[in-house]
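Here's the structure we're looking at; comments come further down.
There are 2 protein chains.
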Amino acid sequence: MGVKGEETRARLIAGTRELIEAQGYFGTGLNRIVAATGAPRGSLYFHFPGGKDQLVTAALTEAGQEVEALLTAPPGEGGDADTAALAERLVEAFAERLERSDYTSGCPIATVALETAGTNEALRTVCAEVYASWQRVLSTRLEAEGFGPAEADTAAGQTLALLEGAVLLASVRRSREPLDHARYAVRRLLGKPGE
Amino acid sequence: MGVKGEETRARLIAGTRELIEAQGYFGTGLNRIVAATGAPRGSLYFHFPGGKDQLVTAALTEAGQEVEALLTAPPGEGGDADTAALAERLVEAFAERLERSDYTSGCPIATVALETAGTNEALRTVCAEVYASWQRVLSTRLEAEGFGPAEADTAAGQTLALLEGAVLLASVRRSREPLDHARYAVRRLLGKPGE
Chain A
0 MGVKGEETRA RLIAGTRELI EAQGYFGTGL NRIVAATGAP RGSLYFHFPG
50 GKDQLVTAAL TEAGQEVEAL LTAPPGEGGD ADTAALAERL VEAFAERLER
100 SDYTSGCPIA TVALETAGTN EALRTVCAEV YASWQRVLST RLEAEGFGPA
150 EADTAAGQTL ALLEGAVLLA SVRRSREPLD HARYAVRRLL GKPGE
Chain B
0 MGVKGEETRA RLIAGTRELI EAQGYFGTGL NRIVAATGAP RGSLYFHFPG
50 GKDQLVTAAL TEAGQEVEAL LTAPPGEGGD ADTAALAERL VEAFAERLER
100 SDYTSGCPIA TVALETAGTN EALRTVCAEV YASWQRVLST RLEAEGFGPA
150 EADTAAGQTL ALLEGAVLLA SVRRSREPLD HARYAVRRLL GKPGE
């Protein structure tokens, strides 16, 4: 694929990400994606012969990898003393993203995840795998800090639930307060065992 | 309105609730609601002259009130020793509802809330008010147990975030595990101040 082809593909994914974040899976039609990205319709089917679901899968996967990269940054980088500090920074990153987008860009996975959980098994699986990857990274880091494997998985899952719920409430309320409060809760939930 | 009119209205709301829970706001058209409820199209416009959004508002409000009623049950009823026990019972109720529905019925508000947060100010406000009402009830109960007002509001918001996030993850994963883990976290977050 030439440079231009790569650019068109990237533009289609970026446009799809923006649209599904702002109005979800059912609210985003291919016409909308074509109009928003200015990509020729033919190039959409060239790059994504599977159509909308293949494009949405690419968008979800890319967004998931960006968050995962944030979570796999080596300890100490960005000033994170431990996993609790890293998780707090993730919550803060989501809060800033929401504020910057005037509360339209929440979790890049959540809306599609809820819409497709009962209606589209292939996309549900993509969303589940993204969440599982985030939880695994958090859990592995907690184990390295002395949590037992089961304890680490539980704490990572609780952190993820808190983050997802707080992003949801912050979007709906158009306020970063739920995320600010979630930060304290994360610190409390990820306190070292016995602390 | 006669008994039959009341019945038709209730049937329209119940059908809408089921559809928006399973496939969201954008995925639920009026044709679908008419087909699923068997209500004559004329009766839909008679009871809901505002159309789909008025019907969805009624569905969200009714679902919100059901959860609120659960949260306002007098302490001691249902065996709840305190707000933490009540919140744990709420988490359990959501887990059972998910299991019974083969993981299609999660939070009755969340999907529409995320879909409309950036696209439909009237429905966003309805969802925000439902969440605020749940948080207020929890907060008031926590204050009665010795939390300061700000502390109670924060803890109630954290509990709500945890519940919403865990329901989301449980739906996507088709597993009640995130909710089981959220129960422990709720107990930890709602521990009396100083405990």
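Same order as they appear, the protein sequences are chains A and B. 0 is the number of the first residue of the first sequence in numbering that gives the first Met the number 0; add one for each residue after it. 0 is the number of the first residue of the second sequence in numbering that gives the first Met the number 0; add one for each residue after it. The beta carbon of each residue, even a glycine, is placed where N, CA and C say it ideally should be.
Secondary structure of residue i, DSSP reduced to three states
{"i": "arginine 96 (chain A)", "result": "helix"}
{"i": "tyrosine 130 (chain B)", "result": "helix"}
{"i": "isoleucine 19 (chain B)", "result": "helix"}
{"i": "aspartate 101 (chain A)", "result": "coil"}
{"i": "threonine 27 (chain A)", "result": "coil"}
{"i": "aspartate 79 (chain A)", "result": "coil"}
{"i": "glycine 14 (chain A)", "result": "helix"}
{"i": "glycine 147 (chain A)", "result": "coil"}
{"i": "alanine 32 (chain B)", "result": "Strictly speaking, residue 32 (chain B) in this sequence is isoleucine, with alanine absent from that position. Three-state result, isoleucine 32 (chain B): helix."}
{"i": "leucine 189 (chain B)", "result": "coil"}
{"i": "phenylalanine 47 (chain A)", "result": "coil"}
{"i": "threonine 153 (chain B)", "result": "helix"}
{"i": "arginine 175 (chain B)", "result": "coil"}
{"i": "alanine 62 (chain B)", "result": "helix"}
{"i": "glutamate 118 (chain A)", "result": "Looking at the sequence itself, residue 118 (chain A) is threonine, so the reference to glutamate does not match. Coil."}
{"i": "alanine 169 (chain B)", "result": "helix"}
{"i": "alanine 9 (chain A)", "result": "helix"}
{"i": "glycine 4 (chain B)", "result": "helix"}
{"i": "alanine 181 (chain A)", "result": "helix"}
{"i": "threonine 71 (chain A)", "result": "coil"}
{"i": "alanine 84 (chain B)", "result": "helix"}
{"i": "alanine 160 (chain A)", "result": "helix"}
{"i": "glutamate 194 (chain B)", "result": "With a pLDDT of 45 at glutamate 194 (chain B), under the threshold of 50, the modelled position of that residue is not reliable, and the figure given next carries that caveat. If DSSP states are grouped into helix, strand and coil, glutamate 194 (chain B) belongs with coil."}
{"i": "glycine 37 (chain A)", "result": "coil"}
Proximity test, Cβ basis, 9 angstroms: residue i and chain B
{"i": "glutamine 157 (chain A)", "result": "yes"}
{"i": "alanine 204 (chain A)", "result": "Absent from the structure is residue 204 (chain A), since the part of chain A shown begins at 0 and ends at 194."}
{"i": "alanine 62 (chain A)", "result": "no"}
{"i": "alanine 83 (chain A)", "result": "no"}
{"i": "threonine 139 (chain A)", "result": "no"}
{"i": "histidine 46 (chain A)", "result": "no"}
{"i": "arginine 88 (chain A)", "result": "no"}
{"i": "arginine 135 (chain A)", "result": "no"}
{"i": "alanine 131 (chain A)", "result": "yes"}
{"i": "alanine 80 (chain A)", "result": "no"}
{"i": "alanine 9 (chain A)", "result": "no"}
{"i": "alanine 109 (chain A)", "result": "yes"}
Beta-carbon contacts of residue i that lie in its chain and below 6 angstroms, excluding the five residues immediately before and after
{"i": "arginine 140 (chain B)", "result": "Thr82"}
{"i": "arginine 96 (chain A)", "result": "Ser104"}
{"i": "proline 177 (chain B)", "result": "Ala165, Leu168 and Ala169"}
{"i": "arginine 182 (chain A)", "result": "Glu87 and Val90"}
{"i": "alanine 57 (chain A)", "result": "Ile12"}
{"i": "leucine 29 (chain A)", "result": "Lys51"}
Nonlocal neighbours in the same chain, by C-beta distance under 7 angstroms from residue i, ignoring five residues either side
{"i": "arginine 40 (chain B)", "result": "Val33"}
{"i": "alanine 62 (chain B)", "result": "Arg16, Pro107 and Ile108"}
{"i": "valine 136 (chain B)", "result": "Glu67, Leu70 and Thr71"}
{"i": "glutamate 194 (chain B)", "result": "Legend: pLDDT at glutamate 194 (chain B) = 45, less than 50; position of this residue unreliable, no value from coordinates given."}
{"i": "arginine 175 (chain B)", "result": "Ala94, Leu97, Glu98 and Ala169"}
Reference residue i; option with closest CA among the options
{"i": "threonine 60 (chain B)", "options": "B:Thr115, B:Ala155, B:Pro107 and B:Phe146", "result": "B:Pro107"}
{"i": "phenylalanine 47 (chain B)", "options": "B:Glu163, B:Glu5, B:Asp79 and B:Val66", "result": "B:Glu5"}
{"i": "glutamine 22 (chain B)", "options": "A:Thr27, A:Ala84, A:Val55 and A:Thr115", "result": "A:Thr115"}
{"i": "serine 132 (chain B)", "options": "B:Glu144, B:Leu70 and B:Arg173", "result": "B:Leu70"}
{"i": "phenylalanine 25 (chain A)", "options": "B:Val136, B:Leu113, B:Ala84 and B:Ala13", "result": "B:Leu113"}
{"i": "arginine 173 (chain B)", "options": "A:Gly190, A:Tyr130, A:Gly164 and A:Val185", "result": "A:Tyr130"}
{"i": "tyrosine 102 (chain B)", "options": "B:Glu20, B:Gly14 and B:Arg8", "result": "B:Glu20"}
{"i": "valine 171 (chain B)", "options": "B:Phe146, B:Gly1, B:Phe45 and B:Ala94", "result": "B:Ala94"}
{"i": "arginine 186 (chain A)", "options": "A:Gly49, A:Arg175, A:Ala84 and A:Glu163", "result": "A:Ala84"}
{"i": "serine 42 (chain B)", "options": "B:Thr27, B:Gln64, B:Arg8 and B:Gly49", "result": "B:Arg8"}
{"i": "glycine 145 (chain A)", "options": "A:Gly190, A:Tyr44 and A:Ala92", "result": "A:Gly190"}
Chain-order list of residues whose beta-carbon lies under 8 angstroms from that of residue i (same chain, five-residue window excluded)
{"i": "arginine 10 (chain B)", "result": "Thr36, Gly37 and Ala38"}
{"i": "leucine 188 (chain B)", "result": "Ala154, Gln157, Thr158 and Leu161"}
{"i": "aspartate 52 (chain A)", "result": "Asn119, Ala121 and Leu122"}
{"i": "aspartate 152 (chain A)", "result": "Gln134 and Ser138"}
{"i": "cysteine 126 (chain A)", "result": "Leu59, Ile108, Val111, Ala112, Thr115 and Ala116"}
{"i": "arginine 31 (chain B)", "result": "Leu18"}
{"i": "histidine 180 (chain B)", "result": "Ala165"}
CB contact check: residue i to chain A, cutoff 9 angstroms
{"i": "alanine 184 (chain B)", "result": "yes"}
{"i": "arginine 187 (chain B)", "result": "yes"}
{"i": "alanine 58 (chain B)", "result": "no"}
{"i": "proline 177 (chain B)", "result": "yes"}
{"i": "glutamate 194 (chain B)", "result": "Confidence at glutamate 194 (chain B) is low in this model, with a pLDDT of 45, below 50, so the placement of that residue should be treated as unreliable; the coordinate-derived value is given next. Answer no: the Cβ-Cβ gap between glutamate 194 (chain B) and chain A never drops below 9 angstroms."}
{"i": "alanine 68 (chain B)", "result": "no"}
{"i": "alanine 181 (chain B)", "result": "yes"}
{"i": "alanine 127 (chain B)", "result": "yes"}
Legend entry - Contacting positions in the segment 11–35 of chain B - beta carbon closer than 9 angstroms to chain A: Residues passing the 9 angstroms Cβ filter: Glu20, Ala21, Gln22, Gly23, Tyr24, Phe25, Gly26 and Thr27.
Inset, instruction - Residues of the segment 149–175 of chain A with a CB closer than 7 angstroms to any CB of chain B: list them in chain order, please. - result: Correct list: Thr153, Gly156, Gln157, Leu159, Ala160, Leu161, Leu162, Glu163, Gly164, Ala165, Leu167, Leu168, Ser170, Val171 and Arg172.
Inset, instruction - Note down, in chain order, all residues in the segment 92–106 of chain A with a beta-carbon under 9 angstroms from any beta-carbon belonging to chain B. - result: Ser100, Asp101, Tyr102, Thr103, Ser104, Gly105 and Cys106: these are the residues of the segment 92–106 of chain A whose beta carbon lies less than 9 angstroms from some beta carbon of chain B, given in chain order.
Legend entry - Contact set between the segment 114–125 of chain A and chain B, restricted to residues whose Cβ is under 7 angstroms from the partner: Taking 7 angstroms as the Cβ-Cβ cut-off against chain B, the residues of the segment 114–125 of chain A that qualify are Glu114, Ala116, Gly117, Thr118 and Arg123.
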